Every structure is written in structure tokens, then in C-alpha cells.
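Colleague:
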Amino acid sequence: MRLTTLLDSIPQGGSGPWNPAPDTFAPTITEAVGSTAAEFDRILAEILPCRTNDAELWFAERQADVERAKALCHDCPLMEGCLAGAVERHEPWGVWGGQVFVDGVVVATKRGRGRPRKVRPAEAA
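125 is the number that the numbering used here gives the last residue of the sequence shown; the numbers go up by one with no jumps.
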């Protein structure tokens with residue numbers, strides 16, 4: 001789903017004639033904007049993986065969790081914008097737009113915690 005389609009699906013009120021009854025309460029602009037923002041947040045929460053899963057997953061230490069977050073990002077309709085925003089903000093770490101940031105730089109994979117092995121498992125065999 002494209003963001004423009006999502007934004008078009010949010011009810012924004014009608015443009016027809018306004019005929020309020022004198023004894024009814026007309027909602028204020030603040031209430032109308034608040035309900036639209038709440039509706040927008042609810043819709044986003046249903047389609048964005050970073051809103052439906054645990055937020056810690058996008059800042060995980062374990063390689064398996066980082067790869068899972070990257071995989072979830074690939075189905076997100078806002079992936080490109082998320083990545084562009086993270087690059088622009090110089091995000092220090094985490095998974096943004098399906099890419100891993102370490103020290104503000106996009107890296108292919110995140111190295112696990114601790115000291116690296118002297119002999120790689122493929123070389124040992």
C-alpha cells in the first residue's frame with residue numbers, strides 16, 4: 001500500500017453545507033484534528049512492522065534478531081522513506097529501512113558482541 005493511498009483513506013470530513021442545529025454541540029477544530037490523528041496512528045499501527053512488533057527488535061544485539069528486523073522491513077510501504085530519513089538524520093545505530101546502521105554508517109551485517117574469533121569456522125574445517 002502506498003502512503004498516498006493510506007492518506008486518502010482517512011476520513012477528513014465533508015465539504016457539504018453546514019447546518020448545525022442550535023441545541024447540538026459542534027466539535028471544535030482541536031477535537032476533529034485529534035480524532036483524525038488518532039485514526040491515522042491506528043491505520044499505521046496495522047501496516048507498519050515497526051509499530052506491530054517489539055521496538056527493541058530494531059535495536060537488537062543478536063544477529064538473528066537484526067536479520068529478522070531487516071526481513072520485516074522489506075514488506076513495509078515506507079521502507080525507502082525510512083532509510084532516507086535515517087541517512088539524513090545520521091542515525092547512530094539500529095535497523096532503518098531494511099538496512100543496519102552502526103556508528104552512523106550502513107553496514108552489510110552487524111558483528112556480534114565480544115571479541116571476534118581468531119579462526120573463522122569455515123577456515124577451521
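Virtual Cβ for every residue (Gly too), placed ideally from N, Cα, C. Just so we're clear, the structure is a prediction, and the values are computed from it rather than from any experiment.
My guess is that C73 and P49 are in contact by the Cβ rule of under 8 Å, so how many angstroms apart are they, rounded?
Modeller: The Cβ separation is near 7 Å, so the contact holds.
Colleague: Assign G104 to buried or exposed, taking buried as 16 or more other Cβ atoms, counted over all protein chains shown, within 10 Å of its Cβ.
Modeller: Exposed, because fewer than 16 other Cβ atoms sit within 10 Å of the Cβ of G104.
Colleague: Buried or exposed for A86, please, with buried defined as at least 16 other CB atoms from any protein chain shown within 10 angstroms of its CB.
Modeller: Buried.
Colleague: Under 7 Å Cβ to Cβ from T28, same chain only, skipping five residues before and after it: list those, please.
Modeller: Its pLDDT being 49, under 50, T28 is placed unreliably in this model, and the coordinates cannot settle the point.
Colleague: Tell me which residue opens and which closes the beta strand (DSSP E) that V107 is part of.
Modeller: Where V107 is concerned, the enclosing beta strand (DSSP E) stretches over 105 to 107.
Colleague: Going along the chain, which residues of its own chain have a beta-carbon closer than 7 Å to the beta-carbon of W58, five neighbours each way excluded?
Modeller: Within the same chain, W58 has close Cβ partners C50, A69, G94, V95.
Colleague: What is the rounded straight-line gap between the Cα of A38 and the Cα of I47?
Modeller: Rounded to whole angstroms, A38 to I47 spans 15 Å at the Cα level.
Colleague: Which residue wins for smallest C-alpha separation from L44, given the options P77, H90, E61, A108?
Modeller: The option with the nearest alpha carbon to L44 is P77.
Colleague: I'd like the list of long-range same chain contacts for L84, defined as Cβ closer than 8 Å, with 5 residues on each side in sequence excluded.
Modeller: The displayed chain sequence assigns Ala, not Leu, to residue 84. Only G97 meet the Cβ criterion.
Colleague: Starting from V119, trace the beta strand (DSSP E) both ways and give me its first and last residue.
Modeller: That residue, V119, is in no beta strand (DSSP E); it is neither H nor E in DSSP.
Colleague: Classify E61: buried if its beta carbon has 16 or more other beta carbons within 10 angstroms, exposed otherwise.
Modeller: Its Cβ having fewer than 16 others within 10 Å, E61 is exposed.
Colleague: For the putative contact between V102 and V66, defined by C-beta atoms under 8 Å, what is the C-beta separation to the nearest angstrom?
Modeller: Wrong, their Cβ atoms sit about 10 Å apart, outside the cutoff.
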